[in-house]
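Note that the UniProt record's numbering gives residue 245 to position 245 of the sequence shown, counting from 1, and the numbers run on in steps of one.
Ideal Cβ positions, reconstructed from N, Cα and C, are used throughout, including at glycine.
Just so we're clear, the structure is a prediction, and the values are computed from it rather than from any experiment.
Worksheet: one structure, shown below.
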Amino acid sequence: MENTINSMAQIEKYLGSEAENLLTYKATCIPKERLTLPGPATLNEVFGISDRNVQVLKSLSSLYRHGRLSGSGYLSVLPVDQGIEHTAGNSFAPNPDYFDPENIIKLAIEGGCNGVVTTFGGLSLHARKYAHKIPFIVKINHNELLTYPNKYDQVMFGSVEEAWNLGATAVGATIYFGSLESNRQIVEVAEAFERAHELGMATVLWCYTRNSSFKTEEKDYHTAADLTGQANHLGVTIKADLIKQKLPETNGGFTALKFGTSGEVIPSSLIPIEAQKNKSKIIEINIAPSNYSTTITDIFIQGKATETMEKLLFILTEIVL
């Protein structure tokens, strides 16, 4: 009981002036009963009647039942592909130990993560030592940053079979939805995910919007709920088992940019609850906070405050405090 009181005091401290509003918030537009929220029965509820074969279900179970959050329905995965996406020098020079990919794997293990995501090269170098100790998620495509002038295009860096041979539990890929190259990326990733499922691996999709026209003088609509929600919808359509997205920060991208469907696709009154619902059942929201306060606030804004305080305290204690 004392620990619960102390945890609540810490939560209120981090939330600051927003504490009362967030802690007492009740959804009025869409009740929590209409959302598929994480919990111990997540795998059965989401995938129990799906066409995923037994090996895929075992792979998903390996992810959900590993690490400190095992069995909670939540995932804490360490993704480190910045060496390719943002250059190795920029990413690892501040802490040179991480030029050695083994330290990335060690960090994920010591942190009690459900899995580790990194490159073919990084995981293959240490597969025999660690593939049985923590679930591997191999990132199979990247946007490399050496081409000049720079362009934003996710291209394949290896095969699904190669990921399977090094002991991967899952494969991961990124699609820049809205980009000129997105149609090709959709086809490539859909084919890769189909093959991964045949081999018994789970699939993880980074659903990012990318188009210079999405950013106007008034606002950046790359994180608009209607655009990101549609990207997520496309992602689940190609059978991604898990989706990583950036948390919606605004709305009305289709309307402001004058394309897509007409009218207000998602009423502003439903943000961010509808943003959560729009992602169906298999979304993992990416939180990249600058501090603990931002992390906790994001968790509440996503709607998880509508769960029991016991569950909420458990998650905050495991992830944040």
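Let's test the definition: count the other Cβ atoms within 10 Å of the Cβ of residue i and tell me whether it reaches 16, buried, or not, exposed.
i    : result
P40  : exposed
S240 : It is Ala, not Ser, that sits at residue 240 in the sequence shown. By the 10 Å Cβ count, A240 comes out buried.
N114 : buried
R34  : exposed
L146 : exposed
T297 : Low confidence applies to T297: its pLDDT is 47, below 50, so where it sits in the model is not reliable enough to give any reading.
G235 : buried
Y148 : exposed
K244 : buried
I49  : exposed
A93  : exposed
A163 : buried
K279 : Caution applies to K279, whose pLDDT of 49 falls short of 50 and renders its modelled position unreliable; the model cannot decide the point.
A108 : buried
E20  : exposed
S290 : Only weak support is given to the placement of S290: the predicted model assigns it a pLDDT of 43, under 50, and the question is left unresolved by the model.
D97  : exposed
M309 : Bear in mind that a pLDDT of 45 at M309, under 50, signals an unreliable position, so the number given afterwards is only what the model happens to contain. Exposed: under 16 other Cβ atoms inside 10 Å.
Could you please give the first and the last residue of the uninterrupted beta strand (DSSP E) stretch that includes residue i?
i    : result
V204 : A202 to T209
L242 : L242 to K246
T42  : Element bounds for T42: not the beta strand (DSSP E) but the alpha helix (DSSP H), T42 to F47.
F177 : A170 to F177
L57  : No beta strand (DSSP E) contains L57, which is instead part of the alpha helix (DSSP H) from V54 to Y64.
V80  : Counting along the chain, V80 falls outside any beta strand (DSSP E), and DSSP gives it neither H nor E.
K139 : F136 to K139
S115 : It should be noted that the sequence gives Gly, not Ser, for residue 115. That run of the beta strand (DSSP E) goes G115 to T118.
Have a look at the options and flag the residue whose alpha-carbon is nearest the alpha-carbon of residue i.
i    : options                   : result
T119 : K26, R184 and V80         : V80
G260 : L69, E198 and G178        : G178
L22  : M8, L35, Y74 and S72      : M8
E198 : L145, E18, D51 and A27    : D51
L43  : R210, L60, A173 and T87   : L60
L247 : A256, V56 and D226        : D226
L242 : V204, A163, L257 and E217 : V204
F254 : Y221, A173 and L234       : Y221
L123 : L146, G112 and F99        : F99
S159 : T147, E110 and A173       : A173
I238 : A192, Y208 and R68        : A192
S212 : N232, G200, L257 and L15  : L257
N53  : Q230, V236, G121 and E194 : E194
F214 : P149, R128, L180 and L15  : L180
N232 : W164, K219, W206 and K129 : W206
S76  : V189, G111 and E12        : G111
R128 : N165, K32, N90 and S62    : N165
What do you reckon, are the CB atoms on residue i and residue j nearer than 8 Å?
i    : j    : result
V171 : A131 : no
V116 : I105 : yes
Y152 : N143 : yes
A224 : N251 : yes
I175 : Q154 : yes
E102 : H126 : yes
M201 : V56  : yes
T228 : T209 : yes
G71  : P38  : no
Just to confirm the assignment, what range does the alpha helix (DSSP H) spanning residue i have?
i    : result
G229 : A225 to T237
A196 : S182 to L199
I109 : P101 to E110
A88  : A88 to F92
F259 : Here F259 belongs to no alpha helix (DSSP H), and DSSP marks it neither H nor E.
L22  : A19 to L23
E161 : V160 to N165
R34  : No alpha helix (DSSP H) holds R34; DSSP gives it neither H nor E.
A127 : A127 to Y130
Is any non-hydrogen atom of the ligand SAM found closer than 7 Å to the C-beta of residue i, if you look at the structure I gave you?
i    : result
E110 : The model on display carries no ligand, and the ligand SAM is accordingly not part of it.
If we cut at 8 Å on Cβ distances, does residue i have a partner in chain C?
i   : result
E12 : Note that chain C does not occur in the displayed structure, where there is just one protein chain.
Taking 8 Å as the cut-off, does the region 155 to 173 touch the region 133 to 141 (at least 3 CB pairs, one atom from each stretch)? yes
Between the region 76 to 95 and the region 24 to 40, do three or more beta carbon pairs fall short of 8 Å? no
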